[in-house]
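Asker:
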Amino acid sequence: MYLASKKDRKKREELFHDSQRRICHPGELLDALYALSKDKRYLEVRSKMQEKEEEITMCEMAEELEQAGIQKGRQQGLTRVNQLNQRLIKDDRTAELFQATQDPELQEKLMKEYGL
């Protein structure tokens, strides 16, 4: 079902505001989303869903995807900070390293300087 036109707005709102609507074929939906986006989080959600062996609502699926995105973002942030710390130590800029732990603007400036 394609609901992109203005006349389908009401139907779209009904579909997406029903938080308890059960997804008939969640595995297939997640496979399709993965095929379109190549985002492996869809496969991870499908795997978790299969472990539970129960139906899933649209809200539950969205929550799983959101949590996976948050976790991925945190990991990327930690990686960036660790890379910055390593480069500052390597370049004997430990004073700036300490300052950057207290000053987010300086930290971001240093990340840009190092291309992180």
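Anchor point for the sequence shown: position 105 equals 105 in my numbering, and the numbering is continuous, going up by one each time. Don't be surprised by glycine CBs; every beta carbon is placed ideally from N, CA and C. Predicted, not measured: the structure shown is a model, and the values here were computed from it.
Roughly how many angstroms separate the alpha carbons of Q83 and Q50, rounded to a whole number?
Answerer: 36 Å
Asker: Below 8 Å, how does it come out for the segment 27-44 and the segment 67-82: are there three or more Cβ pairs, yes or no?
Answerer: Three or more beta-carbon pairs drawn from the segment 27-44 and the segment 67-82 are found closer than 8 Å, and the two stretches are therefore classed as touching.
Asker: Are T79 and L88 closer than 8 Å when you measure CB to CB?
Answerer: no
Asker: Run through DSSP, which three-state label would G115 get?
Answerer: Note: G115 maps to coil in three-state DSSP.
Asker: May I have the straight-line CA-CA distance separating P26 from Q67, to the nearest angstrom?
Answerer: 18 Å
Asker: Is it true that the CB of V45 sits closer than 8 Å to the CB of L29?
Answerer: no
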